[in-house]
Amino acid sequence: MKRRAFLGAVTAAAALVATTTAGHAADWPKRPINLVVPYKAGGGTDAYARAISAAAEGVLDVPVVVVNKPGSGGLNGANAVVGARPDGYTMMMTSGGSFLLSTMTRDTKIDALDSFDFVAQVGQLRTSLMVPTGSPYQTVQDVIDAAKADPGSLRWAHSGRGGFHHVGGLGFLANNGIEAQDVPFKGGGPTRAALIGEQADFGFLGVQQLRGFEEQLRALAVNSADRDTIMSDVPSFGELSVPFAAVSSPVIVFAPKGTPAEVISTMETALAEIAAKPEFAELLAERGTGPVYASGADAKAALAAMKADAAPLVETLNN
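Residues 3 to 321 in my numbering are what the sequence shown spells out, letter by letter.
Structure representation (structure tokens):
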């Protein structure tokens with residue numbers, strides 16, 4: 003085939019693909035949307051996905067099907083979605099902070115900021131400093147004073163090295179000039195159980211983990227500038243003037259790179275409507291969480307800022 007004819011064929015093929023994609027976008031969605039959650043069922047991110055699925059009725063004309071693909075710190079599910087056809091029928095909902103940190107601490111070609119298109123943020127998971135109710139520590143300052151009095155003697159629990167609870171805890175230690183021995187567990191539930199069983203002196207775990215366990219755990223502060231909107235009885239490090247690293251985990255919906263802009267915009271609008279439904283808030287309140295909506299652009303900007311804040315802490319993990 004002559005070069006001119008070959009280039010003409012390539013151009014025609016590209017135009018056909020573009021036309022077909024635009025046509026698909028115009029009448030999207032026509033069939034169920036698979037929402038991949040790269041964690042086991044029952045966790046905080048999974049709860050958001052299932053609330054989205056339930057509240058999508060009346061907003062989207064098709065069902066939203068939650069598909070759990072756990073493993074490798076959330077990267078198994080991400081790998082399944084990054085290579086999916088960018089037609090809007092496969093998306094991923096993940097814990098943005100954990101996903102970001104997994105891409106920063108593990109050997110992967112996936113970049114949390116560049117490998118996907120951002121659709122929208124629908125929630126926020128925050129880590130918090132907790133102690134067993136039998137603990138002698140009544141305040142954050144009590145923990146800091148005890149750690150300074152005997153460096154390295156305290157044990158602290160979290161749900162896995164490299165996760166946002168771990169990195170948030172490291173930020174608290176580093177910013178307050180204290181040392182403690184970390185004790186990792188596999189997931190938030192086991193971390194909570196270990197802390198209740200006093201296998202650690204304090205822990206960093208999702209503030210929503212306090213819901214239903216108020217007689218066994220005491221949350222001393224949430225790792226943020228402001229209080230959590232749902233677990234609002236717990237003070238924040240910011241209001242206590244305790245130095246901390248702003249590491250949290252926005253719950254974000256991502257789409258495969260190259261998904262038509264019309265599809266992204268339609269889904270973004272749908273998620274804004276879903277996040278505003280009372281049914282969505284009620285489903286999440288049962289788990290101690292709530293809706294926190296942001297556009298895809300704002301979610302990406304927030305994650306980029308978090309990456310800059312977490313980078314020095316991640317560097318200590320890699321050394």
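Ideal Cβ positions, reconstructed from N, Cα and C, are used throughout, including at glycine.
Values in this document were obtained by computation on a predicted structure and should not be read as measured data.
Note the first and the last residue of the continuous alpha helix (DSSP H) segment covering residue i.
i: Thr271; result: Ala263 to Ala277
i: Ile146; result: Val142 to Ala151
i: Val294; result: Not the alpha helix (DSSP H): Val294 falls in the beta strand (DSSP E), residues Pro293 to Ser297.
i: Val169; result: Phe166 to Asn177
i: Phe239; result: Phe239 to Leu242
i: Leu286; result: Pro280 to Ala287
i: Leu212; result: Note, Leu212: premise wrong, no alpha helix (DSSP H); not H, not E.
i: Ala80; result: Leu77 to Val84
Might you give, ordered along the chain, the residues of its own chain that have their beta carbon closer than 8 Å to the beta carbon of residue i, omitting 5 neighbours on each side?
i: Arg217; result: Here the sequence assigns Glu to residue 217, which means Arg is not the residue at that position. The answer, listed in chain order, is Thr135.
i: Arg289; result: Gly46, Ala49, Gln210 and Arg213
i: Lys309; result: Leu102, Met106, Ala114 and Leu115
i: Phe206; result: Thr129, Ser130, Leu131, Met132, Trp158, Ala159, His160, His167, His168, Gly170, Gly171, Phe174 and Asn225
i: Gly108; result: A small correction: the amino acid at residue 108 is Arg; Gly does not occupy that position in the sequence shown. Counting only Cβ-Cβ distances below 8 Å, and skipping sequence neighbours, we find Ser74, Gly75, Leu77 and Gly164.
i: Gln201; result: Arg157, Ala159 and Val185
i: Leu273; result: Ile54, Val121, Ala122, Val124, Val255 and Tyr295
Count the other C-beta atoms from every protein chain shown that fall within 10 angstroms of the C-beta of residue i, then say buried if there are 16 or more, exposed otherwise.
i: Pro153; result: exposed
i: Glu270; result: buried
i: Gly73; result: exposed
i: Ser243; result: exposed
i: Thr318; result: exposed
i: Lys188; result: exposed
i: Ala182; result: buried
i: Pro252; result: buried
i: Asp63; result: exposed
i: Asp119; result: buried
i: Lys302; result: buried
i: Asp230; result: buried
i: Gln143; result: exposed
i: Pro40; result: buried
i: Ala312; result: buried
i: Ala306; result: exposed
i: Gly208; result: buried
i: Ser97; result: buried
Under DSSP, the beta strand (DSSP E) around residue i begins and ends at which residues?
i: Gln123; result: Phe118 to Leu127
i: Leu115; result: Leu115 -> no beta strand (DSSP E), and no H or E assigned at all.
i: Val39; result: Ile35 to Val39
What residues match up with residue i in a beta bridge as DSSP calls it?
i: Met95; result: Val255
i: Glu59; result: Leu62
i: Pro186; result: His160
i: Val133; result: Arg220
i: Gly205; result: Met132 and Ala159
i: Val249; result: Answer is none; Val249 lacks a bridge partner.
i: Asn70; result: Val39
Excluding five sequence neighbours on each side, which residues of the same chain lie with their C-beta closer than 7 Å to the C-beta of residue i?
i: Gly173; result: Phe246, Ala247, Val249 and Leu315
i: Ala283; result: Gly292 and Pro293
i: Ala148; result: Tyr139 and Leu156
i: Ala82; result: Val38 and Lys71
i: Thr141; result: Leu222
i: Ser117; result: Val84 and Lys259
i: Ala15; result: Legend: pLDDT at Ala15 = 47, less than 50; position of this residue unreliable, value from coordinates given subsequently. Around Ala15: no qualifying Cβ.
i: Lys150; result: Ile180
In chain order, what residues of the same chain have a beta carbon less than 6 Å from the beta carbon of residue i, not counting five sequence neighbours either side?
i: Pro237; result: Ala223
i: Arg220; result: Val133 and Thr135
i: Val145; result: Tyr139 and Phe204
i: Val12; result: Interpretation of Val12 is limited by its pLDDT of 43, a score under 50 that renders its predicted location unreliable; no figure is taken from the coordinates.
i: Pro93; result: A small fix is needed here, since residue 93 is Met in this sequence, not Pro. Cβ neighbours of Met93 beyond the five flanking positions: Leu37, Val255 and Ala257.
Any contact of the stretch 26-46 with the stretch 65-75, i.e. 3+ C-beta pairs under 8 Å? yes
With three or more C-beta pairs closer than 8 Å as the rule, is the stretch 86-96 touching the stretch 249-260? Touching, yes, given that three or more Cβ pairs across the two stretches are closer than 8 Å.
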